[in-house]
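First comes the structure, then the notes that go with it.
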Amino acid sequence: MQASTTQLFDFLYFLDNNEFYLIEIKRNDLGDYAPVSEKFQWLKISKLNHLSSRLTFRSMDSSQEIEERYFEEGFLKFNSDTGTFIEKYNSAQHLLVNRSSEQLPEELNKQISELLTAHA
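Add 19 to the 1-based position in the sequence shown for the numbering used here, that's all there is to it.
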């Protein structure tokens, strides 16, 4: 995993498919005593209409090869190459490509920065 840094945030994980981006960020604009749930956030951003939603993190499991994240909205399981996001109640399954070793696209970087600034 190769994190990318901006002044406002670092991205820790970056997965996508034809429909949306799924990104974990660490905010750099919050103080040392900010809640962990505010510092670390998972965002789901539509590629079609650019709407974004913040996933509600519940828990995680991690091994050398597989990462798992549990959200109120669903479940994410991924390795260094691919992943699957399963929406709550198994209403949909989305195959993803893990692009965490790549640079975040500039347009997406700008969109996340604007989103964080708007909610500051």
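For every residue, glycine included, the Cβ atom is placed at its ideal position computed from N, Cα and C. Since the structure is predicted, the reported quantities are computational estimates derived from the model, not experimental observations.
Within a Cβ cutoff of 8 Å, which residues of the same chain sit near ASN117, ignoring the five residues on either side of it in sequence?
TYR32, PHE33, LEU34, PHE97, ASN98, SER99, ASP100, THR101, GLY102
Just to confirm, are LYS63 and SER71 a CB contact at a threshold of 8 Å?
yes
Where does ARG77 land, buried or exposed, given buried means 16+ other C-beta within 10 angstroms?
exposed
Proximity winner among SER56, TYR52, PHE104, relative to GLU38 (alpha-carbon distances)
Of SER56, TYR52, PHE104, the residue nearest in Cα terms is PHE104.
Where are the beta strand (DSSP E) runs, 3 residues long or more, that stay fully inside the segment 62 to 117, in chain order?
Entirely contained in the segment 62 to 117, the beta strand (DSSP E) runs reaching 3 residues are, in chain order, 71 to 74, 76 to 81, 86 to 90, 93 to 97, 101 to 106, 112 to 117.
Could you please give me the residues that DSSP links to LEU34 through a beta bridge?
Note: LEU34 is bridge-paired with LEU41, ASN117 in the DSSP secondary-structure output.
Comparing C-alpha positions only, which one of TRP61, LEU134, SER120, GLN83 sits nearest to TYR89?
TRP61
So, at 6 Å on beta carbons, what are the nonlocal neighbours of GLU43 in its own chain, with the 5 sequence-adjacent residues on each side left out?
A distance below 6 Å between beta-carbons, with the five flanking residues on each side excluded, links GLU43 to the following residues of its chain, in chain order: LEU31, TYR32, TRP61.
When you compare only the Cα positions, how much space is there between ARG46 and TYR108?
30 Å
GLN122 - DSSP class collapsed to helix/strand/coil
In the structure shown, GLN122 sits in coil (DSSP, three-state: anything other than H, G, I, E or B).
Skipping 5 residues on each side, what residues in its chain have a beta carbon closer than 8 Å to that of ASP48?
Excluding residues within five positions, the ones whose Cβ falls inside 8 Å are GLN26, LEU27, PHE28, LEU135, ALA139.
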